[in-house]
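Per the working numbering, residue 478 is the first one in the sequence shown, and the count goes up by one each step.
Inspection log for the structure reproduced underneath, given as structure tokens.
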Amino acid sequence: MENKKYYYGSYDSHRRLESRPIANNLVQIINNTNRGYLDLQAIMDTLRVSDREYLWKVLNDHKDNFRIDERNKRASQLNGTELVNVFTKLTLCETHCRQAADGRNRNCNGRCEALHLCRTFLLCSEDACTFHKSRNCMFGHDFDTPHNAPLLREHNLDRLDDNELRRLFRRPSSRSKTTMPQVCIYYNDIKGKRCANEKCKSLHLCSDYIEDHCFYDCPRNHNLSDKQVKKILDLFGIDSSWREPLLLEHLMRFNNSRRQAGKSDDDISSYKGSEYNTSYIRGATSVSNYTHLKRKRKSSSGEEEDNRMSSSSACPGCTMLQKEVEELKKEVFSLRTDVLELKQKDKKTHSANDSGNSSSERTLSGNPLCMPASSINFIESHEEVGSSQVKRTREDDEFDID
């Protein structure tokens, strides 16, 4: 009776419930490999299972634990080379793992489907948490609480010990927005300010660099080996085994998900070096028309890729400045046209009053852009690198309409 109460609503079929013991074994077996995956034939040999079709159904029944490259294959089409990756969709509770104004963690209603655990304890080690020795970590170091234990069983993780759970949650495929570091919104402030908090738990990295459209001479950090960046990555259990393209891809993915979540301004203003700063604002650079940065990344196949910023993903600051430049150009053209009309009227007036005096007649080019420089002087908008504003000057002298 107790088991029925626990599994109610967790699985959508009796067959899935029956296959749970096999799924538990598979999670443990595949997770104990270095790369986190095995081919189908190796799994059959390890479990001593001869029915390939039944094993294929078990894997497809537990999609929250196993990712298969060729899931749409029929059992009759299997050849044993299909790769099975292990991962979990279970993650940390975002509310529980954030500090409130009083310095304690925020209270969750307990109905969430996420773990109530210390992030450092989960991703690094028990000793890595600064509050381990005093045993008063506000986020918790226990997998067997009444809230956490049922969640581990539901996700077929109850047979894993603490170290095996850490290995599973540290895998890139198991990462979520609460187990990935975020970019500091104050370090990327559009006004040019910098985060002054020495205990900041967010990455001091250029957000435009992460999204692959930064510019030359950007004053922000682009180095993943920076001391502050390495320190934060270590807190999240991210080591040198993560290649740079993979790390940048995950940072962009989960920081974008935070931005799309639409956190309120209160969450941003209340941040004072808390454990999680879940609101994310991409800092637009204040420079104009820099030559776009060309960054080479290595793809998963080892080939180098050239990534340039497309026009659709242009920097908002530069786009706005370019619009201002175009508007000022139109104003310049309009003013020059008005000057031409005034000179033409003046010409007609003088011709009527003194038709015999040809020396008083003036000649003007039909092109309004070919005006004499002595009449009006416009310093047009600078479109060069580093110009922060568009300047326009005009002489105080009145138009010469003698």
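Backbone N, C-alpha and C fix where the C-beta goes; we use that ideal spot for every residue, glycine too.
I'd like to know whether the C-beta atoms of residue i and residue j end up nearer to each other than 7 Å.
i: Asn700; j: Ser684; result: no
i: His681; j: Cys661; result: yes
i: Leu560; j: Asp538; result: no
i: Phe564; j: Arg544; result: yes
i: Thr568; j: Ser653; result: yes
i: Leu728; j: Ile687; result: yes
Using the Cα positions of residue i and residue j, report the straight-line distance between them to the nearest angstrom.
i: Pro658; j: Arg730; result: 11 Å
i: Gly557; j: Lys708; result: 42 Å
i: Lys740; j: Val504; result: Its pLDDT being 45, under 50, Lys740 is placed unreliably in this model, and the value from its coordinates should be taken loosely. Going from the Cα of Lys740 to the Cα of Val504 covers about 35 Å.
i: Thr814; j: Arg697; result: 45 Å
i: Ala673; j: Gln705; result: 13 Å
i: Ser632; j: Glu804; result: With the sequence shown as reference, residue 632 is identified as His, and Ser is not the correct amino acid for it. About 58 Å.
i: Ser524; j: Asn562; result: It is Leu, not Ser, that sits at residue 524 in the sequence shown. The straight-line gap from Cα to Cα measures roughly 16 Å.
i: Lys822; j: Lys807; result: 23 Å
i: Gly513; j: His618; result: 25 Å
i: Asn584; j: Lys678; result: 21 Å
i: Lys540; j: Ser718; result: 26 Å
i: Cys574; j: Gln518; result: 41 Å
i: Lys550; j: Trp533; result: 9 Å
i: Glu726; j: Ser650; result: 12 Å
i: Glu818; j: Val802; result: 25 Å
i: Glu641; j: Pro722; result: 26 Å
i: Lys749; j: Thr572; result: Only weak support exists for where Lys749 lies, its pLDDT of 34 falling under 50; the coordinates are left without a value.
i: Ala552; j: Leu592; result: 36 Å
i: Met615; j: Asn542; result: 29 Å
i: Cys570; j: Glu603; result: 19 Å
i: Ser811; j: Lys820; result: 15 Å
i: Met521; j: Ala626; result: 29 Å
i: Ala761; j: Lys566; result: Reliability of the predicted coordinates at Ala761 is poor, the pLDDT of 33 falling under 50, and no value is obtained from them.
i: Asn511; j: Tyr531; result: 26 Å
i: Glu590; j: His624; result: 9 Å
i: Asn509; j: Asn586; result: 34 Å
i: Leu637; j: Asn502; result: 10 Å
i: Val816; j: Ala829; result: 20 Å
i: Lys825; j: Cys695; result: 56 Å
i: Asp716; j: Thr622; result: 29 Å
i: Asn732; j: Leu710; result: 15 Å
Might you give, ordered along the chain, the residues of its own chain that have their beta carbon closer than 6 Å to the beta carbon of residue i, omitting 5 neighbours on each side?
i: Leu555; result: Arg529
i: Ala605; result: Thr597
i: Tyr663; result: Cys672
i: Leu724; result: none
I'd like to confirm the pairing. Which residues does DSSP put opposite residue i in its beta bridges?
i: Leu680; result: Val660
i: Leu569; result: Leu592
i: Met515; result: The sequence given here places Leu at residue 515; Met does not occur at that position. DSSP output for Leu515 lists Val561 as bridge partner(s).
i: Ile709; result: Looking at the DSSP assignment, Ile709 forms no beta bridge with any residue, so it has no partner.
i: Ile545; result: Val561
Excluding sequence positions up to five away, which residues of its chain have a Cβ less than 8 Å from the Cβ of residue i?
i: Leu600; result: Arg643, Phe646, Arg647, Thr656, Leu712, Phe713, Gly714
i: Asp516; result: Gly557, Thr558, Glu559, Leu560, Val561
i: Ile506; result: Leu515, Ile520, Thr523, Leu524
i: Ser527; result: Met521
i: Ser789; result: Residue confidence is low: Ser789 scores 38 on pLDDT, short of 50, so the model does not pin down where it sits. Its coordinate-derived value is still stated next. Excluding positions up to five away in sequence, the list is empty.
Can you list, in chain order, the residues of its chain whose CB lies under 7 Å from that of residue i, leaving out five sequence neighbours each side?
i: Val535; result: Ser496, Ile499, Ala500
i: Asp639; result: Phe620
i: Cys595; result: Cys606, Cys614, Phe616, Gly617, His618
i: Leu629; result: Phe620, Asp635
i: Phe608; result: Cys614
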